[in-house]
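Sequential numbering from 1 applies to the sequence shown in the UniProt record's numbering. Every residue, glycine too, gets a C-beta built ideally from N, C-alpha and C. This one's a predicted model, so the numbers in the text were calculated from it and none came from an experiment.
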Amino acid sequence: MKKHIILALIVAIFSASLTGCVMFFAGNQMQKKEQEGEGMSISSLFSSKEKETEVHFVSIKNIVITLNSGTGKDVNTEGYEHYLLLDLALTASNEELANKVESAIPLIQSSTVNLLTNMNYSDIRSMSVVELRQKLLDEYKKAYEELKMTVTFNDVLISKMVFQ
1 MKKHIILALI
11 VAIFSASLTG
21 CVMFFAGNQM
31 QKKEQEGEGM
41 SISSLFSSKE
51 KETEVHFVSI
61 KNIVITLNSG
71 TGKDVNTEGY
81 EHYLLLDLAL
91 TASNEELANK
101 VESAIPLIQS
111 STVNLLTNMN
121 YSDIRSMSVV
131 ELRQKLLDEY
141 KKAYEELKMT
151 VTFNDVLISK
161 MVFQ
């Protein structure tokens, strides 16, 4: 039994030594070729080949909306004024489009107010952030279409959502 353990240990040490030698010489060869301008760099093995996409964010802060208490699902909220504070960010793929998004901020704010003031507090409260984000995105695209404008943003992000 001891012979098997000693043999296994010798094989493991030999394998590790052989692997280390191969890696050492291969690394030296790659480094030499890189310095000569012929090969690829070692760091390129670990770097991404995809080009990083450019994203510009346009912030719209402190959109305050009075929510309709109505006769929603939650009886406890009836008759109370409710408010929603939103901070949004719209994404654009370049600086020129980001500038166009900035010039359309009043349209975005108006569309947000139009959409949310017609909804019940309890309905909005029960929505997930993803659902609300999609409703806002659809509303913004509709507003752009009504004015025959080209949509200049890619996505809308909700960075703050406070109910009162």
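Item                                                                                                     : Value
Who pairs with V156 in a beta bridge, going by DSSP?                                                     : L90
Roughly how many angstroms separate the alpha carbons of residue 172 and K32, rounded to a whole number? : The requested residue 172 does not occur in the structure, where the chain is confined to residues 1 to 164.
Locate the alpha helix (DSSP H) running through N114, then write down its first and last residues.       : 105-117
Name the residue from L90, D87, T66 whose alpha carbon lies nearest to the alpha carbon of Y80.          : T66
Indicate whether T112 and L132 have their beta-carbon atoms separated by less than 8 Å.                  : no
With L67 as the anchor, note down where its beta strand (DSSP E) starts and where it stops.              : 56-67
Do you know offhand how far S59's Cα is from F153's?                                                     : 12 Å
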